[in-house]
């Protein structure tokens, strides 16, 4: 038998070694590049395929969003509301979360300016991918948020506003409120002034923000005045611009009509309300003043008392929560849940109630969570007792959990005393 030429054997060996090297290089390149290839393929599939799962819901967490004022004149409202909601969520998470999922809040600043609310809401829903929106602050900003949430089928829950636009009949499917309306608060204030303080209804003036927030409160005043036989068109009305404390025109008008006024109902945020009270007192207009809860009673008290005890006299604030310094079981739980250094306040307590109410609905919605199941769970809550002095609940025809209004009188030391409104 003839042996193959040496040259042929060498060639075969070289071919074998070369093939092995090529195969090794191919394998290394494939391993290195395959993650990038997979990522690119996933990105393409993400553009072509429908969204998988439920936005903001994973096996480990439920992401919630808030668009509120964290800068500007009303930043304390947003900060306090966020602190209360986060305290509630932290307590829920410490107990294991909801069906094993932790609750996380993403907060975006809109400065209490409607022009900034649209971008803030789009960031929350389209970029941060939140499941629901909770605890937004403001009526004029809600006028932007609500249409967006209804279009995108996002639950808009527990906003810090008593505006009528959140309380349509029949209710908007994805809009749920904890608090009573501003109309309910100002109606209660008028009744208190007339029945308890014995002030003639036609001698009650109104100081309000010049937008839907102010108008929502005035509608309650008007309804109560009509019930008392007074034409609301005759009421003295003065206004100020949103996000300012410019009350000069309001005070000037009030001074010229002081002979017609024995009390003032305010529908204002705290800086404007504090400025109005100070300047009214300085002008010799020492009449009783009431305000709706959106004023942030804690911030109002701090501002007025710092200016002098006389400014705190005859100031009453309607509230949608009990005193945050009381010793009831629910309020004690709230106080314990607050972060160190956070003082209990009315707005923070409202945020805490809102966070707990939403957590209860998420529990009832079950493990297989989606927006429609959350809506059904909310509408199924009846007579829920969180220990705050009012039973809470919703239904398909009622998307407001509470109609309870408390009265509080400001004291010279900056504290509030609960009073009977009737």
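In the working numbering, the protein residues as written are 10 to 431. Just so you know, even glycine gets a beta-carbon here, dropped at the ideal spot from N, CA and C.
Nearest residue (CA-CA) to residue i, options the options
i	options	result
residue 273	71, 199, 370	199
residue 130	121, 122, 117	117
residue 112	332, 69, 153, 174	69
residue 63	392, 429, 382, 401	382
residue 287	271, 321, 402	321
residue 144	406, 411, 91	91
residue 331	124, 105, 188, 114	188
residue 373	380, 364, 421, 386	386
residue 106	365, 431, 420	365
residue 139	119, 73, 100	73
residue 305	246, 211, 329	329
residue 379	124, 163, 115	163
residue 307	282, 413, 267	282
residue 300	166, 89, 416	416
residue 297	393, 236, 136, 418	418
residue 136	65, 428, 237	65
residue 361	100, 84, 206	100
residue 210	276, 277, 333, 239	239
residue 326	303, 333, 347	303
residue 78	212, 128, 104, 146	146
residue 213	244, 289, 87, 126	244
residue 310	340, 278, 295	278
residue 215	235, 203, 186, 246	246
residue 121	132, 108, 84	84
residue 76	132, 275, 220, 202	132
residue 86	123, 124, 168, 314	168
residue 294	313, 363, 261	261
residue 324	424, 392, 266	424
residue 202	119, 220, 230	230
residue 67	127, 98, 82, 108	108
residue 125	98, 392, 154	154
Inter-residue spacing [alpha-carbon to alpha-carbon] between residue i and residue j
i	j	result
residue 94	residue 149	21 angstroms
residue 182	residue 173	15 angstroms
residue 110	residue 367	14 angstroms
residue 354	residue 338	16 angstroms
residue 401	residue 390	8 angstroms
residue 369	residue 191	26 angstroms
residue 48	residue 388	Confidence at residue 48 is low in this model, with a pLDDT of 41, below 50, so its placement is unreliable and the value that follows should be read with caution. C-alpha separation (whole angstroms): 42 angstroms.
residue 255	residue 316	17 angstroms
residue 96	residue 398	20 angstroms
residue 158	residue 356	24 angstroms
residue 270	residue 248	16 angstroms
residue 194	residue 291	27 angstroms
residue 241	residue 223	15 angstroms
residue 232	residue 197	11 angstroms
residue 237	residue 104	51 angstroms
residue 208	residue 377	56 angstroms
residue 252	residue 134	26 angstroms
residue 435	residue 156	In the structure displayed, the chain extends from 10 to 431; residue 435 sits before or after that span and is not available.
residue 343	residue 394	15 angstroms
residue 396	residue 267	44 angstroms
residue 152	residue 289	32 angstroms
residue 428	residue 346	27 angstroms
Residue i: first and last residue of the uninterrupted beta strand (DSSP E) it sits in
i	result
residue 430	Residue 430 -> no beta strand (DSSP E), and no H or E assigned at all.
residue 182	Residue 182 -> no beta strand (DSSP E), and no H or E assigned at all.
residue 326	324-328
residue 395	Unbroken run through residue 395: none, as it is neither H nor E.
residue 415	415-419
residue 384	Per DSSP, residue 384 belongs to no beta strand (DSSP E); it is in the alpha helix (DSSP H), 380-388.
Whole-Å CB distance - residue i paired with residue j, under 8 angstroms assumed
i	j	result
residue 409	residue 228	So it is not a contact: roughly 16 angstroms between Cβ atoms.
residue 171	residue 217	That pair is no contact at about 13 angstroms.
residue 421	residue 284	Contact doesn't hold; Cβ gap of about 20 angstroms is too wide.
residue 313	residue 333	The Cβ separation is near 18 angstroms, so there is no contact.
Endpoints, alpha helix (DSSP H) assigned at residue i
i	result
residue 142	Per DSSP, residue 142 belongs to no alpha helix (DSSP H); it is in the beta strand (DSSP E), 141-143.
residue 148	148-161
residue 126	123-131
residue 342	338-346
residue 201	Per DSSP, residue 201 belongs to no alpha helix (DSSP H) and is neither H nor E.
residue 367	355-374
Inside the stretch 219-305 only - beta strand (DSSP E) runs reaching at least 3 residues: Entirely contained in the stretch 219-305, the beta strand (DSSP E) runs reaching 3 residues are, in chain order, 246-249, 272-276, 298-300.
Inside the stretch 62-117 only - beta strand (DSSP E) runs reaching at least 3 residues: Segments of the beta strand (DSSP E) lying fully in the stretch 62-117: 70-77.
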